[in-house]
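Asks: Quick one: this structure, given as structure tokens, is what I'll be asking you about.
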Amino acid sequence: MTWPGAPSATTPSAEDMVRELWDRQQISDVMLRFGRGLDLHDWDMYAATLTDPFEVDFGDLTGRPPAVTTPATVKVASRPA
Numbered sequence: 001m002t003w004p005g006a007p008s009a010t011t012p013s014a015e016d017m018v019r020e021l022w023d024r025q026q027i028s029d030v031m032l033r034f035g036r037g038l039d040l041h042d043w044d045m046y047a048a049t050l051t052d053p054f055e056v057d058f059g060d061l062t063g064r065p066p067a068v069t070t071p072a073t074v075k076v077a078s079r080p081a
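Using the numbering used here, you'd call the opening residue of the sequence shown number 1 and step up by one each time.
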């Protein structure tokens, strides 16, 4: 696949174009659920957008080193005490 407007030696097939559009929409949907889950403090929605395991790096904000965690850990850590 190529980016829109990028030079290409061949025109992609209709099937390839539909697949790329589908993939892009799926990525957009996950990104929207990620943000909405954070905004609403819906930790189940948020955690469902994450892979298992994943690395978090908030070093610029917290000064802590990157850490590897899981969606289940995020859900438990995000619950009110």
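Ideal Cβ placement from N, Cα and C applies to all residues, glycine included.
(1) Starting from alanine 67, trace the beta strand (DSSP E) in both directions and tell me its first and last residue.
(2) Measure from the alpha carbon of alanine 48 to the alpha carbon of each residue in Ala14, Asp29, Thr10, Thr62, then state which is nearest.
(3) Just confirm the distance between the C-beta atoms of proline 66 and valine 56, as a whole number of angstroms; I'd bet it's less than 8 Å.
(4) Give the straight-line distance between the Cα atoms of methionine 45 and glutamate 15, rounded to the nearest whole angstrom.
(5) Tell me where the alpha helix (DSSP H) around phenylalanine 34 begins and ends.
Replies: Straight from the coordinates:
(1) One-based indexing of the sequence shown puts residue 67 at position 67. Per DSSP, alanine 67 belongs to the beta strand (DSSP E) from 67 to 69.
(2) To locate residue 48, count along the sequence shown from 1; it is residue 48. Shortest Cα-Cα distance from alanine 48 to any of Ala14, Asp29, Thr10, Thr62 involves Asp29.
(3) Here residue 66 corresponds to residue number 66 of the sequence shown, with the count starting at 1. Here residue 56 corresponds to residue number 56 of the sequence shown, with the count starting at 1. Their Cβ separation, rounded to whole angstroms, is 7 Å, which keeps proline 66 and valine 56 in contact under 8 Å.
(4) In the sequence shown, the residue the question calls residue 45 occupies position 45. In the sequence shown, the residue the question calls residue 15 occupies position 15. When rounded, the distance between both Cα atoms is 31 Å.
(5) Start at 1 with the first residue of the sequence shown, and residue 34 comes out as number 34. For phenylalanine 34, the enclosing alpha helix (DSSP H) has its first and last residue at 14 to 40.
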